[in-house]
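**Q** Following this message is one structure expressed as structure tokens.
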Amino acid sequence: MVDPGIVAAVAIVYLLILFALAYWVDRRGQGERAINSSIVYTFSLAIYCTSWTFYGSVGLASKGGIAFLPIYLGPTLAFALGWLLLRKILRVSKANRITSLASLIASRFGKSSSLGALVTVVALVGSVPYLALQLKAVSTSFTVLTEGASRAASLASGSIVGDAGLWAAMLLTLFAMLFGSRSIQPGEHHYGMVAAVAFESMVKLLCLTAVGLFVGFGLFHGFGDLFRRAAAAPGLADLFRFQGASAHLNWIGLTAVSLMASLCLPRQFQVMVVENVNERHLDRAIWLFPLYLLAINLFVLPIALAGRMLLPAGADPDSMVLSLPLASGAPLLALLVFIGGLSASAGMVIVETAALSTMVSNDLVMPALLRYRHRQLAARADLIPLLLTIRRLAMVGVMGLGYVYMRYVGEAYPLVSIGLVSFVAVAQFFPVILFGLFWRRATRIGALAGIALGFLTWAHTMFLPAIAGSGLLPMSYLTDGPFGIAWLRPHALFGLDSLDPVVHALFWTMLLNCGAIVGLSLFTRQSAVERAQAALFVDVFGGAEAAQLWRRTAPLPDLRTLVGRFLGQKQAEAAFLDRARRRGLDPGGIEADAEMVLYAERLLAGAIGSASARVLVSSVVTEEPLGVDEVMRILDETSRLIEVNRELEEKSRALELAGAELRQANERLQELDRLKDDFVSTVNHELRTPLTSIRSFSEILRDNPQLDAGRRDEFYAIIIREAERLTRLINQMLDLAQIQSGQIATVIGPADLIDVIDDAVAATSRILLDKGVTVTVRAPAAPVRPVALADRDLLMQVLLNLLSNAVKFCPAGHGQVSISAAAPEPGWVEFAVADNGPGIAPELRDVVFERFRQIGSSQTGKPSGSGLGLTICRIVVRRLGGTIWVEGPAQGGALIRVRLPAATPAEDGSRLERAPQPAFAAPVQMPK
Amino acid sequence: MAVSVLIVDDDPNILMALRFLMEKEGYRVSLATDGDAALEAVAAHRPDIVILDVMLPRRTGIEVCAAIRADPGAAGVRIVMLTAKGMDRERSRGLRAGADLYITKPFATRDVLAQIRALAGEPAAGGGAG
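These protein sequence lines map, in sequence, to chains A and B.
Under my numbering, the letters of the first sequence match residues 512 to 1439, in that order.
Under my numbering, the letters of the second sequence match residues 603 to 732, in that order.
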């Protein structure tokens, strides 16, 4: 026996040494370098071997022989054969700053916080028996060491104060806090803790080896002697054979469950993935770690055999490693063994609680706080203390549960049985990870259902039976099934009663778990984020850094502050500065691009988990995957483009229009130019013709002085007439120019139409007579006297022009011109001049009023006149406020009608003041 | 046999003046006031000389000139174009149409008489009455 004080002191000193080592590594500031070795990595992986291995394997081997081996064959296979899987988990986790198993699974399935929470709960519940196992081992070994093996059996009955398990729990929790939650590190690296864990792995291996050598060479004459004597002992030979009908199945099942557990245990994930500083360490670990497993198990059988032979039959098998040196009078070795066992337990507890507390804070509490207490959270500048508090509380809580489980449930079971309950629980994560990493279509719903179903089945077939076995639940739950439903009996679900309980549970949990994942994944759809993450995880070796399905930007200061609240401002600034420098960006930039946002999210994910990080980052980020804003912006750009395009089209249309107008204007100009040419040519002709007569007759008169008087007079008359004609033409052209420039003064007053018509007919009587044209004037019945309000002289000019025009087109000899006047409606008077000439074609009726337009063709012969007559008429009539148009009488010939404002009776006779000379002094005539 | 002259113009005064001049010269004169009448007269009388105004009703002088030139029976007819449009463009058009002379209005009566006299004195280009 050893004094409890000494044992306690040694235990505490040992733990302090471990802590000092960890502290020293952390303080050196180059913790990463200190543990940057595949040897250290391998030893840290050896945390797999807990007191279950240290004490429990010997216990199991003493009763079941080689049955303890599957627990180590599993991880050996996992490392030797599952290299690709391990590598992928490592790569994915590093790429996404995964800090826990829950983060990994949540991240893969669209950063789902519900999945993260579920994984955390399952891991928490599943780990409780395992923690209980460690506490039980520590308290049992302490009791055995201080009070002897006989007292150890009754440890649970002792008072709580005297319970070594409680003290162990408190001590280990304290150290776990010291190691695992001293500060928040980006990426959750705990270099000191890893160093301590690696150290304790060495210690436990050395201690067990020491016991093995002591047994082999101290208690026996070498291992040959030991095995010879064991072979001779009754019953011991059976330990080397499969026992029972289902032994093969058990062997396979246990190998499988430990294979899965070795990857899914929270602490294994922590040391293997989270604490890994260099992916290449795995290359050596895949054979170094199995080698360690072989080494630590090398002396299990010899020690077990020796225990069976040397210790009393009723001795606790799980304490044999301790009891043997104690019984053989080697208390110091026993103390060493105790230290080794403590090492194994402490390492496990420290890392397990660290891993669990990370999960609780990052995947359970923070998402909940973010969802329900976001405002209070936002008000706190520094969230590190809050995070640490959450983690420490989580550690205390987990250890408390472990202690309760140990005290009330674990009592009745051997270490290995307790451990296997945990193994099957965490094995539920394996299908999700496997499918998640290799099957792109696996969906969040499938993962949730798979884990949930597996967990429930586990609780039913393993956890609750264990509690029932301890008396907290009625045993009928186990023997008759819940509520007496026989086919739901936990160890014979659906009538399957031929399997060992562990294999039975494994079978059902895996069947339902995998079935749910595959089945539901096939029938559910992934969200955009899920799809992106799935691609990222499944194709992690494809080189796709990040499937940027979305564009996210954020103000860099906001992002830095956000990250700073969880990592500390200095660290955040340094991280961003470093990143900016590496990418060659301006560190003082204001806007963080999508890559920077992703970096920030991963930094945060390192501290608080991917689901929480995503929620937090979205709060400062302006855009999300295919968010409404983004879509609107793209739409906006498109519509702007459409608008610009439309404007362009409009402009080109306007341009076309302007072009057409220009073309028209140009055509008009050309037309006008042609008209001007024609006019000039016409005027030229009209001037030259009378000039020719004048000159010819003048010369004839000069050259023929002997001409008779009659002819001479005739020639003189022609000369004079032609001179007059010339004068008229020149006057008319000047008049037109004047009218056009608006320089004519008019005198408006009542003008009796019949009077004016009579005057005009009288003025042209000679031409009418010459051409043989008869004129009829038709006036309305007696009382009506159409009186226009007009300048009488201008009105006269119009009439003269129309009359001479009519005469011009009348057939020679029998021409008929008729002039009529009327008052067709109040306010207006009309007069019309008609002839019996060829008439004016309908299409030309507007054209005739245009300047220089002369209607001439093959039928009418050479156009006569200057082409100014009707043009002058229209200008004058418009000036008088009237209209002029051509009508087509039924019997052919042309009819030109003029409508003018009527004079009211009051204005009758009162002539307005007369101003300058009337413009048209001379009648317009074109005698020909 | 006296030289026969056809005078075509739509202005009665000019017609009168030219007739006076030609008759005084001793030519046999016939008259037409439009293009169609001119062609009829050419076909009927085969004048030695046609004095042709360009601006004519129904058919322009240019058309009449071209028609005369296209008629093999009227091969010996000399054509004198008269125009009130004294532009070069008109002159070249008239000459292209086959006119022998081109006289611009107003004209000096002496010049016209001298030119027509010269034309009448020349032998006919194509076997007409000289």
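Even for Gly, the Cβ is constructed at its ideal location relative to N, Cα and C.
Count the other C-beta atoms from every protein chain shown that fall within 10 angstroms of the C-beta of W563 of chain A, then say buried if there are 16 or more, exposed otherwise.
**A** buried
**Q** Looking at the structure shown, is S668 of chain A part of a helix, part of a strand, or coil, going by DSSP?
**A** Reliability of the predicted coordinates at S668 of chain A is poor, the pLDDT of 44 falling under 50, and the value obtained from them is presented with this limitation in mind. Looking at S668 of chain A - three-state DSSP - the assignment turns out to be helix.
**Q** Can a CB atom of chain A be found closer than 7 Å to the CB of D655 of chain B?
**A** Chain A places no beta carbon closer than 7 Å to that of D655 of chain B, leaving this residue out of the contacts.
**Q** Assign T1394 of chain A to one of three DSSP states: helix, strand, or coil.
**A** strand
**Q** Going straight from the alpha carbon of V1074 of chain A to that of L1114 of chain A, what length do you get?
**A** Approximately 7 Å, taken between the alpha carbons.
**Q** Secondary structure at P1066 of chain A, three-state DSSP: helix, strand or coil?
**A** In this structure, P1066 of chain A counts as strand in the three-state DSSP scheme.
**Q** Identify the contact partners of A590 of chain B in chain A, using a Cβ-Cβ distance below 8 Å as the criterion.
**A** Given a span of 603 to 732 for chain B in the structure shown, any question on residue 590 of chain B remains unanswerable.
**Q** In this structure, how does DSSP classify W1339 of chain A when only helix, strand and coil are distinguished?
**A** strand
**Q** Assign Q1181 of chain A to one of two classes, buried (16 or more other C-beta atoms within 10 Å of its C-beta) or exposed (fewer than that).
**A** exposed
**Q** Can you give the Cα-Cα distance for V607 of chain B and A1323 of chain A, rounded to whole angstroms?
**A** Roughly 27 Å separates the two Cα atoms.
**Q** Which bits of chain A does A619 of chain B rub up against, with CB to CB less than 7 Å?
**A** S1204, S1207, F1208 and I1211
**Q** Are the segment 965-983 of chain A and the segment 929-939 of chain A touching, with three or more C-beta to C-beta distances below 8 Å?
**A** yes
**Q** Please specify which runs of the alpha helix (DSSP H), each continuous and at least 4 residues long, are wholly inside the segment 642-691 of chain B, giving them in chain order.
**A** 663-672
**Q** Do G1006 of chain A and W998 of chain A have their CB atoms nearer than 7 Å?
**A** yes
**Q** Going by DSSP in three states, R884 of chain A sits in which element: helix, strand or coil?
**A** Coil.
**Q** Could you tell me whether the Cβ of S1192 of chain A comes closer than 7 Å to any Cβ of chain B?
**A** For S1192 of chain A, the nearest beta carbon of chain B is closer than 7 Å to its own beta carbon.
**Q** Please state whether DSSP places Y629 of chain B in a helix, a strand or coil.
**A** coil
**Q** Find out if the Cβ-Cβ distance for the pair P942 of chain A, I1028 of chain A is shorter than 7 Å.
**A** Cβ atoms of P942 of chain A and I1028 of chain A: closer than 7 Å.
**Q** Excluding the 5 residues flanking V1013 of chain A on each side, which residues of the same chain have their C-beta closer than 6 Å to its C-beta?
**A** L931
**Q** Would you report the Cα separation of F751 of chain A and F810 of chain A, rounded to the nearest angstrom?
**A** 15 Å
**Q** Please specify which runs of the beta strand (DSSP E), each continuous and at least 3 residues long, are wholly inside the segment 983-1058 of chain A, giving them in chain order.
**A** Correct list: empty.
**Q** Helix, strand or coil for R1408 of chain A, going by three-state DSSP, please let me know.
**A** strand
**Q** Considering only the alpha carbon of each residue, which of A:I550, A:V871, A:G1392 and A:Q1044 lies closest to L802 of chain A?
**A** It is A:I550 whose Cα lies nearest to the Cα of L802 of chain A.
**Q** Please classify Q1327 of chain A: does DSSP put it in a helix, a strand, or coil?
**A** strand
**Q** Could you name the residues of chain A that L697 of chain B contacts, counting a contact when the two beta carbons are closer than 8 Å?
**A** Ordered by position in chain A, no residue passes the 8 Å Cβ test against L697 of chain B, which lies about 19 Å from the chain.
**Q** Beta-carbon of I1231 of chain A versus every beta-carbon of chain C: anything under 7 Å?
**A** As a matter of chain content, chain C is missing from the structure shown, whose protein chains are A and B.
**Q** Quick check: the Cα distance between G982 of chain A and D1011 of chain A, rounded to an integer number of angstroms?
**A** 21 Å
**Q** Whose CA, out of A:F1208, A:V1359 and A:R1385, lies closest to the CA of I1231 of chain A?
**A** The shortest C-alpha separation from I1231 of chain A is found at A:F1208.
**Q** Can you pull the chain B residues whose beta carbon is under 9 Å from the beta carbon of R1199 of chain A, in chain order?
**A** T685, A686, K687, G688, T706, K707 and P708
**Q** Please list, in chain order, all residues of the same chain as Q1370 of chain A whose beta carbon is under 8 Å from its beta carbon, the five residues on each side excluded.
**A** The predicted position of Q1370 of chain A is uncertain, since its pLDDT is 39 and thus under 50; no value can be drawn from it.
**Q** How long is the line joining the alpha carbons of V630 of chain A and H759 of chain A, rounded to whole angstroms?
**A** Using only the alpha carbons, I get a separation of about 32 Å.
**Q** Please name the residues in the segment 662-684 of chain B whose beta-carbon is closer than 7 Å to at least one beta-carbon of chain A, in chain order.
**A** none
**Q** CB S573 of chain A to CB A815 of chain A, shorter than 7 Å?
**A** yes
**Q** Checking contacts by CB at 7 Å: is H1325 of chain A closer than that to chain B?
**A** no
**Q** Here's the rule: buried if 16 or more other CB atoms are within 10 angstroms of the residue's CB, otherwise exposed. What is R918 of chain A?
**A** buried
**Q** In this structure, what does DSSP give as the bridge partners for T1287 of chain A?
**A** A:S1329
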